[in-house]
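Beneath this line is the structure, given in structure tokens, with notes to follow.
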Amino acid sequence: MTDEWNPKILAIICNWCSYAGADLAGGGRIQYPPDVRAIRVMCTGRIDMLFIMKAFADGADGVLVSGCHFGDCHYLAGNFKAAKRMFMVKSVLRNLGLEDKRFRMTFVSASEGAKWATVIEDVVKTVKELGPSPIAEHQK
Amino acid sequence: MADKEEPRVGVFVCHCGTNIAGSIDVMDVVEFAKTIPGVAHADQYQYMCSTPGQGKIVEAIKEHNLTGIVVAACSPRLHEPTFRVATKEGGLNPFRFEMANIREQNSWVHMHDKEGATRKAKDNVRIAVAKACLLEDLIPKTVPVEHAAMVIGAGVGGIQASLDLASAGIKTYLIEKLPTVGGRMSQLDKTFPTLDCSQCILTPKMVDVGRHPNIELMTYTEIEKVEGYIGNFDITVRKKARGVLSPDEATARGIIGGGCNGCGDCSEVCPVIKPNPFEMGMAPRKAIYIYHAQVMPLLYTIDFDACVKCGLCIEACGEKKAIDLEMEDELITLKIGTAIIATGFNLMPIENKREWGYKQFDNVITGLEFERLICASGPTSGHLIRPSDGETPKTIGFILCAGSRDNTGNGKPYCSRFCCMYSLKHAHQIMEKIPGAKVYLFYMDIRSFGKMYEEFYYRIQSEGAKFIRGRVANVLEDPITRNLHVFGEDTLLGRPVDIECDLVVLAAAVQPVDEEDVIRKHFGVSKSQDGWMLEAHPKLNPCGTTTAGVFLAGVCQGPKDIPDTVAQAEGAASAASIPIHIGQVELEPYFAQCMEDLCAGCGMCIDLCPYQALALVDRNDGSGRKVMNVTEAKCKGCGTCGGFCPGGAIKMQHFTTPQIVAQIDAFLCGGEQ
Chain A
11 MTDEWNPKIL
21 AIICNWCSYA
31 GADLAGGGRI
41 QYPPDVRAIR
51 VMCTGRIDML
61 FIMKAFADGA
71 DGVLVSGCHF
81 GDCHYLAGNF
91 KAAKRMFMVK
101 SVLRNLGLED
111 KRFRMTFVSA
121 SEGAKWATVI
131 EDVVKTVKEL
141 GPSPIAEHQK
Chain B
2 MADKEEPRVG
12 VFVCHCGTNI
22 AGSIDVMDVV
32 EFAKTIPGVA
42 HADQYQYMCS
52 TPGQGKIVEA
62 IKEHNLTGIV
72 VAACSPRLHE
82 PTFRVATKEG
92 GLNPFRFEMA
102 NIREQNSWVH
112 MHDKEGATRK
122 AKDNVRIAVA
132 KACLLEDLIP
142 KTVPVEHAAM
152 VIGAGVGGIQ
162 ASLDLASAGI
172 KTYLIEKLPT
182 VGGRMSQLDK
192 TFPTLDCSQC
202 ILTPKMVDVG
212 RHPNIELMTY
222 TEIEKVEGYI
232 GNFDITVRKK
242 ARGVLSPDEA
252 TARGIIGGGC
262 NGCGDCSEVC
272 PVIKPNPFEM
282 GMAPRKAIYI
292 YHAQVMPLLY
302 TIDFDACVKC
312 GLCIEACGEK
322 KAIDLEMEDE
332 LITLKIGTAI
342 IATGFNLMPI
352 ENKREWGYKQ
362 FDNVITGLEF
372 ERLICASGPT
382 SGHLIRPSDG
392 ETPKTIGFIL
402 CAGSRDNTGN
412 GKPYCSRFCC
422 MYSLKHAHQI
432 MEKIPGAKVY
442 LFYMDIRSFG
452 KMYEEFYYRI
462 QSEGAKFIRG
472 RVANVLEDPI
482 TRNLHVFGED
492 TLLGRPVDIE
502 CDLVVLAAAV
512 QPVDEEDVIR
522 KHFGVSKSQD
532 GWMLEAHPKL
542 NPCGTTTAGV
552 FLAGVCQGPK
562 DIPDTVAQAE
572 GAASAASIPI
582 HIGQVELEPY
592 FAQCMEDLCA
602 GCGMCIDLCP
612 YQALALVDRN
622 DGSGRKVMNV
632 TEAKCKGCGT
642 CGGFCPGGAI
652 KMQHFTTPQI
662 VAQIDAFLCG
672 GEQ
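Chains A and B are the protein sequences, given in the same order. Residues 11 to 150 (our numbering) make up the first sequence, in order. Residues 2 to 674 (our numbering) make up the second sequence, in order.
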């Protein structure tokens, strides 16, 4: 480890809204911290809760799930069904003794490049304040 | 799963000139890629999307016997199709390709952190390689395309799109919520900069849509439900009860020679009077009405919200028996291949900008009201009057950017694009019709960007209109004369102005129609930040949407004048006709699949599926177990079922659980950091 700690944050984002929004942030050259790695799925509805638990078990310091706004889902209501599952993730994290702030679900549309940058900045800031994941520390 | 091949992935990193190489150490990423397990070959090139760049992929597949390709470059939303073709040319299945987005989501957003960006790029590549190792051959599904199209909205954009589609030999359903086609353009008096009479150039097209053999005109009809996908949409429309039978409908009911012929006898006897929205509420209409003389189709319509069902119209109609007061809405399902949305615009509720006094002072009107007042077929037969006393105004003030280019939160941040030009046209019409009239235009900038527009601006200047550069602070009414004082600042002279006008015309900002959100969501079209419908690409696909087979035309995509609307409508019609003429489309093979050995037959997925693509069926092995079955044509590949399946029995092709977990592991477990 170098003296400066870089958090490992995983983002799982939907193809139609948040991925397009992130691309728009790029086109607009809106700068944000480079600590988040994104995985693309077609819809946040695809996200199994176990993906998120797996990421935390692997030592992720934070996980972000981002999809379309409610009512704007390319697949009608996939984001709504995903959001319902994500509440469960939060409660499981609390039961495990992990700060539930390490996990977040946001809604960024294809036209919200600036919002994507704000979301990333905020997620990175939150995770940095919480420090390294205790699971990652334990695995060292 | 039988023969597990050893993955041999080829990684190609793009410089994109300095777009990527400017903030990422490409050579370092290539060297790192060579160390990733499963990578058989790693290379870099200035522009991977160029012909030599793609050639590198084709050659490497053959030379190194690769099983998967990773290109680290721009967004897959941009170049995934390009590289899939290259992968195919090299002899691999096109779905053996994965893209690492190191431009839009890396180099462009971390321009001043080369170390961080390079570290992220390595992770991006490692994640992509992990997926590429597990990619499988997929075969796109080919489906036939219905030889019919739908156009929603019959303004000038929708009319043009329908005529083009129909002339190309495609059966076209033109859906309009109002009783007549024509849209906003039919409300205008003249068009800038040529000063053509708007109705004169529009009505021939209105007549054409009415009698084109390939167009089925459905006025007074709204979209109820949309199902299906490109090539095979099932659209349910609600044909609202019109209360009046067309000659064809009358014949179908056995009334020979009957049906509405547009004589208007019914309207004369109707006792109910309502404001006519076509005239912006400035003229009356009856409960049984037509909007104006040139309506298409020429059929009267009963406003059942206002009708008292007295039956006088039935008597007046007599032998034609065209009126049915008990008529009910009808739901019709239409099968189409592609659709064009052309829903147009409304004016924003400019009374919300209270400083300009619309709806507080009678003599403050909007540009659209002005169009009706100056129009020869309008409520005043073309005599411009001021609403408070019917006098001819002598001093008229125009407030431009009324609600447009407004960042106060109470307006629209965008430019509405055509208000400058129509206000110039209004100024010209006043100076032509009212000798000695004084015209003041309060403007921020005059945006006369089109062909012959700037010349038109010079012409109006030379005709004597006064241009005052500055946003108007407020408008106050003199309670005795009902004249209006327009207060503002002349920013060119640097002094405040107070100009007394008889009439003030607000060039109000435009906004999407109220139904836009509903129609947009029916078709799964996104909206842009300013509320208009979102095109697939702002530059290179301005007619397309993210929903395959759905296209946009006209102002619903963003403010446009008539030439631009017509041009986009023709573009959308051309785009919408392509799949229909080819006769078939390829669907991306991202279908759900059931792994029957794992499926417990619980049926949880069935209610989750938004497309009713899943069902429980008997398993074919005689065990009597029920398992889930996917109808591939209905599945759009969202994966909502796969994300929930408690047994992990659903395999989402191209986004399988092992692939996603490998991506997570690659980021968090492997690597040098």
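Idealized CB from N, CA, C, for every residue including glycine.
Measuring alpha carbon to alpha carbon, tell me which residue in the options is nearest residue i.
i: M219/B; options: T181/B, R254/B, Q200/B and C15/B; result: T181/B
i: S529/B; options: N484/B, K241/B, G559/B and C502/B; result: G559/B
i: C311/B; options: T334/B, K275/B and V270/B; result: V270/B
i: C27/A; options: K125/A, R114/A and R39/A; result: K125/A
i: I289/B; options: I274/B, V296/B, V227/B and I481/B; result: I274/B
i: N327/B; options: L369/B, L246/B and V365/B; result: Residue identity check: residue 327/B is Glu in the sequence provided, not Asn. With distances taken between Cα atoms, E327/B lies closest to L246/B.
i: I153/B; options: M186/B, Y221/B and K540/B; result: Y221/B
i: G11/B; options: A650/B, G18/B, I256/B and P38/B; result: P38/B
i: S108/B; options: I21/B, L179/B and D29/B; result: I21/B
i: I563/B; options: F346/B, Q613/B, M432/B and G437/B; result: F346/B
i: I500/B; options: L507/B, A508/B and E490/B; result: E490/B
i: P8/B; options: F234/B, L175/B, L67/B and A377/B; result: L67/B
i: V476/B; options: F488/B, R483/B, F98/B and G158/B; result: F488/B
i: V440/B; options: V473/B, D515/B, E455/B and I397/B; result: I397/B
i: C78/A; options: H148/A, A30/A and P144/A; result: A30/A
i: C50/B; options: F84/B, E64/B, H65/B and V71/B; result: F84/B
Taking Cβ positions, are residue i and residue j nearer each other than 8 Å?
i: G229/B; j: V144/B; result: no
i: I160/B; j: V210/B; result: yes
i: R387/B; j: P380/B; result: no
i: A570/B; j: A343/B; result: yes
i: R373/B; j: M281/B; result: yes
i: Y48/B; j: F13/B; result: no
i: K354/B; j: G404/B; result: yes
i: N262/B; j: K321/B; result: yes
i: A65/A; j: L669/B; result: yes
i: M445/B; j: R406/B; result: yes
i: A568/B; j: F552/B; result: no
Check residue i in the structure and name its three-state DSSP category.
i: K135/A; result: helix
i: D197/B; result: strand
i: G649/B; result: coil
i: H148/A; result: helix
i: K142/B; result: strand
i: K276/B; result: Strictly speaking, residue 276/B in this sequence is Pro, with Lys absent from that position. P276/B falls in the strand class under three-state DSSP.
i: F84/B; result: helix
i: F450/B; result: coil
i: K439/B; result: strand
i: K178/B; result: coil
i: I58/B; result: helix
i: C318/B; result: helix
i: T657/B; result: coil
i: F97/A; result: helix
i: A122/B; result: helix
i: D110/A; result: helix
i: E250/B; result: helix
i: Y675/B; result: Nothing about residue 675/B can be reported from this structure: the residues present for chain B run from 2 to 674 only.
Kindly give me the distance between the Cβ atoms of residue i and residue j, rounded to whole angstroms, as I take these residues to be in contact under 8 Å.
i: R47/A; j: K452/B; result: No, R47/A and K452/B are not in contact; Cβ-Cβ is about 49 Å, not under 8 Å.
i: N25/A; j: V51/A; result: 7 Å
i: L108/A; j: I665/B; result: Contact doesn't hold; Cβ gap of about 16 Å is too wide.
i: Q594/B; j: V631/B; result: 6 Å
i: H429/B; j: E464/B; result: 6 Å
Can you have a look at residue i and say buried or exposed, based on whether 16 or more other CB atoms are within 10 angstroms of its CB?
i: G156/B; result: buried
i: H42/B; result: buried
i: Y361/B; result: Note that residue 361/B is Gln in the sequence shown here, rather than Tyr. Label assigned to Q361/B: exposed.
i: K91/A; result: buried
i: E536/B; result: buried
i: P414/B; result: exposed
i: P17/A; result: buried
i: Y301/B; result: buried
i: N364/B; result: buried
i: H111/B; result: buried
Give the residues of chain E in contact with residue i, contact being defined as C-beta atoms less than 7 Å apart.
i: C639/B; result: The structure shown contains no chain E; its protein chains are A and B.
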